[in-house]
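Below is one structure, written out as structure tokens, with a few remarks after it.
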Amino acid sequence: MEDSDQGPYAVILAPTRELPQQFEEETLKFGKPLGICTVAVIGGISREDQGFRLRMGCEIVIATPGRLIDVVENRYLVLGRCTYVVLDEADPMIDMGFEPDVQKIL
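Numbering of the sequence shown is given in numbering that gives the first Met the number 0, commencing with residue 0 and proceeding in unit increments.
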């Protein structure tokens with residue numbers, strides 16, 4: 000990937016850890032043959048390991064709101080090139096109290 004220091008083209012936010020993992024698995028099926036790299040960024044997994052993968056560059060980041068803020072604030076990820084933001088299960092995400100995090104990201 001060129002310009003990996005500019006960050007991904009797209010960010011997908013989901014309210015639970017399981018959804019980004021599932022999305023990453025499915026995205027790899029079509030993305031890998033096209034050279035599209037996807038990274039899931041969730042709590043419960045080493046931030047440093049995820050940060051390493053992010054620094055290698057990717058086109059799509061799939062994350063929970065809190066962990067996305069964490070990796071951005073700790074400079075593992077920049078969103079300078081991000082053009083698309085997808086909110087999966089937006090209503091439940093807001094109901095679960097993620098609205099301030101989502102607003103901070105946007």
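Glycine residues also receive a C-beta, built at the ideal position from the N, C-alpha and C atoms. Nothing here was measured: the structure is a model prediction, and the numbers come from that model.
- Counting only the Cα atoms, residue 68 lies some 16 Å from residue 83.
- The beta-carbon separation of residue 87 and residue 11, rounded to 6 Å, stays under the 8 Å limit for a contact.
- Straight-line spacing of the CA atoms in residue 29 and residue 96 works out to 33 Å.
- For residue 52, same chain residues with a beta-carbon under 8 Å away, outside a window of 5 residues either side, are 38 in chain order.
- Residues of the same chain with a CB within less than 8 Å of the CB of residue 36, apart from the 5 flanking positions on each side, are 0, 30, 55, 56, 57, 58, 59 in chain order.
- Per DSSP, residue 76 is not a residue of any alpha helix (DSSP H), being assigned neither H nor E.
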